[in-house]
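Engineer: Just so we're aligned: the first sequence equals residues 1 to 365 in UniProt numbering.
After the structure tokens below, expect a handful of questions from me.
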Amino acid sequence: MQPNTDEQTIHEFQNSLLSWYEHNKRDLPWRQDQDPYKVWVSEIMLQQTKVDTVIPYFHHFMTQFPTPEDLAYADEEQVMKAWEGLGYYSRVRNLQTAVKEVVEEYGGKVPEERTSFSSLKGVGPYTAGAVLSIAYEKPEPAVDGNVMRVFSRIFNISDDIGKAKTRKRFESLVAPFLEDTEPSRFNQAVMELGALVCTPKSPGCLLCPVQEFCEARKAGTAEDLPVKPKKKAPKAKDMAAAVVKNEYGQILIHQRGESGLLARLWEFPNIEVPEGRERIETLEHYLAEEYGVNVQVKEPVQKVEHVFSHLIWYITVFEAWTTDSTADDTASRWVSWEETAEYAFPVSHQKILEEQKEKEASSWI
DNA sequence: AATTCGGGGTT
DNA sequence: AACCCAGAATT
1 MQPNTDEQTI HEFQNSLLSW YEHNKRDLPW RQDQDPYKVW VSEIMLQQTK VDTVIPYFHH
61 FMTQFPTPED LAYADEEQVM KAWEGLGYYS RVRNLQTAVK EVVEEYGGKV PEERTSFSSL
121 KGVGPYTAGA VLSIAYEKPE PAVDGNVMRV FSRIFNISDD IGKAKTRKRF ESLVAPFLED
181 TEPSRFNQAV MELGALVCTP KSPGCLLCPV QEFCEARKAG TAEDLPVKPK KKAPKAKDMA
241 AAVVKNEYGQ ILIHQRGESG LLARLWEFPN IEVPEGRERI ETLEHYLAEE YGVNVQVKEP
301 VQKVEHVFSH LIWYITVFEA WTTDSTADDT ASRWVSWEET AEYAFPVSHQ KILEEQKEKE
361 ASSWI
């Protein structure tokens, strides 16, 4: 069953897969209906993120921002807070930008045309296909990691799925399978099969509803597919962070810039310590230079290790005191421990926040 | 075409 | 530790 699959075989494949799907699909919150806005939000959350992780965020997000209008007009700070801990934060900023455009340019209705929908921020080839097929029953391929895994095995294809060209090959490969079926069900069925049966390691071929169509199973290559690019080891960075306190029981927090890592999130003032430099000196100099506060930095109070996809932070946390706390500006504020709850922090700095807040509370006894 | 962007769960 | 995840934007 190499590319150029006859109609009869495709029809049998669809029947076997869809029958399995109806009996085995998970009852997920974004499968209650085909509301385009809900489907869209779920697809953005699910990018590079597991279903189990997304579920609680999805519930909360839809309660807080039930309609495109609610999200479009929401305060960016609250939107970021709703995404706190989910990662890849540009997703939610792009989503709000895109939803604003839908409200302003399309009267609040998610566009049905691929060209229109694809032009929105954060909507790539996969998300466009997923939303248009699931919400509007458009026969559009929605090729994600699951789909490439399943079809690389079905057709025994060893192209590197990290290449952009490979995704296009799978899109044209999947296209004929979307004929004479419900695109919403078919696309979700392939992904569900990839998530539950045709898994990356030790795939459940014996339980697979389309095992008779699978070339990799015949060839014994299922475990070796798909072929993926090798990933580089994350790069280590030595960081120093400060919990700066003033005489009013407040602490200093800082908002990260518009772009780059953890953009727009709040954090404790921190700086990378170059190899061979003293942490305390580097930190004191930075606090004076960047925030205009003269502080006395004491011994380290905490160590935090945080792993990202492409780097590792080794953060040494220091406590610091000042009596010349500067005025708030747009990127930095003096807040009480209670007020930190209103701000979105990356998990790395949540670790600092939790431990230092706890320490503060116990010192009152 | 390669790199950047998070975080958590498996193996 | 390495791998993987309903990827997209940027370089």
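Note that CB positions come from ideal geometry on N, CA and C, so glycine has one too.
Here the structure is a predicted model, which is why all the values come from computation and not from measurement.
Ignore the nearest five residues each way along the sequence and tell me which others in Pro-68's own chain have a CB closer than 7 angstroms to its CB.
Structural biologist: In the first sequence, residue 68 corresponds to position 68, counting from 1. Correct list, in chain order: Tyr-37, Val-99, Val-102, Val-103 and Gly-108.
Engineer: Tell me whether the beta-carbon of Thr-326 lies closer than 8 angstroms to the beta-carbon of Asn-294.
Structural biologist: Here residue 326 is taken as the residue at index 326 of the first sequence, counted from 1. Here residue 294 is taken as the residue at index 294 of the first sequence, counted from 1. For Thr-326 and Asn-294, no; Cβs fall outside 8 angstroms.
Engineer: Leaving out five residues on either side along the sequence, give the residues of the same chain with a beta carbon under 8 angstroms from the beta carbon of residue 366.
Structural biologist: An answer regarding residue 366 cannot be provided, because it is not within the stretch 1 to 365 covered by the chain.
Engineer: Which value, in whole angstroms, describes the spacing of the CA atoms of Thr-330 and Glu-319?
Structural biologist: The residue you call residue 330 lines up with position 330 of the first sequence. The residue you call residue 319 lines up with position 319 of the first sequence. Taking the straight line from one Cα to the other gives about 23 angstroms.
Engineer: May I ask which residues mark the beginning and end of the beta strand (DSSP E) holding Asp-238?
Structural biologist: Position 238 of the first sequence holds residue 238. Start and end: 235-245.
Engineer: Please confirm whether Met-80 and Tyr-89 have their CB atoms less than 8 angstroms apart.
Structural biologist: Looking up residue 80 in the first sequence gives position 80. Looking up residue 89 in the first sequence gives position 89. Their beta carbons are under 8 angstroms apart, which means Met-80 touches Tyr-89 by this criterion.
Engineer: Mind checking His-349: buried by the 16 CB within 10 Å criterion, or exposed?
Structural biologist: Mapped onto the first sequence, residue 349 falls at position 349. His-349 is buried by the Cβ-count criterion.
Engineer: If you compare alpha carbons, which of Met-191, Glu-360 and Thr-340 is closest to Lys-50?
Structural biologist: Within the first sequence, numbered from 1, the residue matching residue 50 stands at position 50. With distances taken between Cα atoms, Lys-50 lies closest to Met-191.
Engineer: Grab me the residues of Leu-46's own chain with a C-beta within less than 8 angstroms of its C-beta, minus the 5 sequence neighbours each way, in chain order.
Structural biologist: Start at 1 with the first residue of the first sequence, and residue 46 comes out as number 46. Answer for Leu-46: Val-54, listed in chain order.
Engineer: Beta carbon of Asp-160, beta carbon of Val-227: below 8 angstroms?
Structural biologist: On the first sequence, position 160 is the one that residue 160 refers to. On the first sequence, position 227 is the one that residue 227 refers to. Closer than 8 angstroms, so yes.
Engineer: I need the straight-line Cα distance from Asp-361 to Ala-130, nearest angstrom please.
Structural biologist: On the first sequence, residue 361 is found 361 positions in, with the first residue counted as 1. On the first sequence, residue 130 is found 130 positions in, with the first residue counted as 1. Checking the sequence, you will find Ala at residue 361 rather than Asp. If I take the Cα positions, the gap works out to 47 angstroms.
Engineer: Roughly how far, in whole angstroms, is the beta-carbon of His-254 from the beta-carbon of Pro-269, given that I think they are within contact range, below 8 angstroms?
Structural biologist: One-based indexing of the first sequence puts residue 254 at position 254. One-based indexing of the first sequence puts residue 269 at position 269. That pair is a contact at about 5 angstroms.
Engineer: Are the stretch 217-227 and the stretch 148-164 touching, with three or more C-beta to C-beta distances below 8 angstroms?
Structural biologist: At 8 angstroms Cβ cutoff, the stretches touch.
Engineer: Taking only the alpha-carbon atoms, compute the straight-line gap between Ala-341 and Lys-351 and give it to the nearest angstrom.
Structural biologist: Sequence index remark: in the first sequence, residue 341 carries index 341 (1-based). Sequence index remark: in the first sequence, residue 351 carries index 351 (1-based). Their backbone Cα atoms lie some 13 angstroms apart in a straight line.
Engineer: With a threshold of 16 other CB atoms inside 10 Å of the CB of Ser-152, please say whether the residue is buried or exposed.
Structural biologist: Taking the first sequence and counting its residues from 1, one reaches residue 152 at position 152. It counts as buried.
Engineer: Per the DSSP calculation, His-254 is bridged to which residue(s)?
Structural biologist: Walking along the first sequence from the start, residue 254 turns up at place 254. Partner(s): Glu-267 and Ser-332.
Engineer: Measuring alpha carbon to alpha carbon, tell me which residue in Gln-34, Lys-230, Thr-9 and Gln-14 is nearest Leu-178.
Structural biologist: As a working mapping, residue 178 is identified with position 178 in the first sequence. Out of Gln-34, Lys-230, Thr-9 and Gln-14, Gln-14 has the C-alpha closest to the C-alpha of Leu-178.
Engineer: Taking the beta strand (DSSP E) that Ile-44 belongs to, which residues open and close that run?
Structural biologist: Numbered from 1 along the first sequence, position 44 holds the residue referred to as residue 44. Unbroken run through Ile-44 is the alpha helix (DSSP H), 36-46; no beta strand (DSSP E).
Engineer: Find the nearest neighbour of Leu-311 within the set Gln-296, Tyr-343, Arg-277 and Met-239, judged by alpha-carbon distance.
Structural biologist: For this step, residue 311 is matched to residue 311 along the first sequence. For the residues Gln-296, Tyr-343, Arg-277 and Met-239, the minimum Cα distance to Leu-311 belongs to Met-239.
Engineer: Tell me the DSSP bridge mates of Ile-312?
Structural biologist: Numbered from 1 along the first sequence, position 312 holds the residue referred to as residue 312. BP columns for Ile-312 point to Ala-236 and Val-307.
Engineer: Here's the rule I'm using: 16 or more other beta-carbon atoms within 10 Å means buried, otherwise exposed. How should Pro-203 be labelled?
Structural biologist: Within the first sequence, numbered from 1, the residue matching residue 203 stands at position 203. Pro-203 comes out buried.
Engineer: Per DSSP, Trp-321 forms a beta bridge with which residues?
Structural biologist: Numbered from 1 along the first sequence, position 321 holds the residue referred to as residue 321. Trp-321 pairs with Lys-245 and Gln-296.
Engineer: Along the chain, where does the alpha helix (DSSP H) that runs through Gln-8 open and close?
Structural biologist: Working through the first sequence from its first residue, we reach residue 8 at position 8. From DSSP, the alpha helix (DSSP H) with Gln-8 extends over 7-24.
Engineer: I'd like to check one pair, Val-347 with Leu-287: are the Cβ atoms closer than 8 angstroms?
Structural biologist: Position 287 of the first sequence, counting from 1, holds the residue named residue 287. Position 347 of the first sequence, counting from 1, holds the residue named residue 347. Taking 8 angstroms as the Cβ cut-off, Leu-287 and Val-347 do not qualify as a contacting pair.
Engineer: For the alpha helix (DSSP H) containing Asn-187, list its first residue and its last residue.
Structural biologist: As a working mapping, residue 187 is identified with position 187 in the first sequence. Per DSSP, Asn-187 belongs to the alpha helix (DSSP H) from 183-196.
Engineer: Could you tell me how far apart the beta carbons of Gln-188 and Ile-134 are, in whole angstroms, since I believe they sit closer than 8 angstroms?
Structural biologist: The residue labelled residue 188 in the question sits at position 188 within the first sequence. The residue labelled residue 134 in the question sits at position 134 within the first sequence. With a Cβ gap of about 7 angstroms, Gln-188 and Ile-134 count as contacting.
Engineer: Kindly indicate the opening and closing residues of the alpha helix (DSSP H) around Glu-360.
Structural biologist: Along the first sequence, read from residue 1 onward, the residue named residue 360 stands at position 360. Run containing Glu-360: 347-362, per the alpha helix (DSSP H) assignment.
Engineer: Go through its chain and collect everything with a Cβ distance to Glu-171's Cβ below 6 angstroms, but skip five positions before and after it.
Structural biologist: Reading the first sequence from its first residue, position 171 is the one you call residue 171. If we look at Glu-171 and ignore the five residues flanking it on each side, its Cβ neighbours are Pro-141 and Val-143.
Engineer: Suppose the cutoff is 8 angstroms on Cβ atoms and the five residues either side in sequence are ignored; what does the same chain contact list for Lys-232 look like?
Structural biologist: Taking the first residue of the first sequence as 1, we reach residue 232 at position 232. Once the five neighbours on either side are set aside, the close Cβ partners of Lys-232 are His-310.
Engineer: Which residues bound the alpha helix (DSSP H) around Ile-154?
Structural biologist: Taking the first residue of the first sequence as position 1, residue 154 is located at position 154. Segment 145-154, the alpha helix (DSSP H) holding Ile-154.
Engineer: Thinking just about the alpha-carbon of each residue, which of Gln-48, Glu-267, Glu-84 and Leu-95 is nearest to the one in residue 426?
Structural biologist: Given a span of 1 to 365 for the chain in the structure shown, any question on residue 426 remains unanswerable.
Engineer: How about Asn-146 and Ala-195: do their beta carbons lie closer than 8 angstroms?
Structural biologist: As a working note, residue 146 is residue 146 in the first sequence. As a working note, residue 195 is residue 195 in the first sequence. In this structure, Ala-195 lies closer than 8 angstroms to Asn-146 by Cβ.
Engineer: Using a Cβ-based criterion (distance less than 7 angstroms to any ligand heavy atom), does Phe-151 qualify as near the ligand ATP?
Structural biologist: The ligand ATP is not part of the structure shown, which contains no ligands of any sort.
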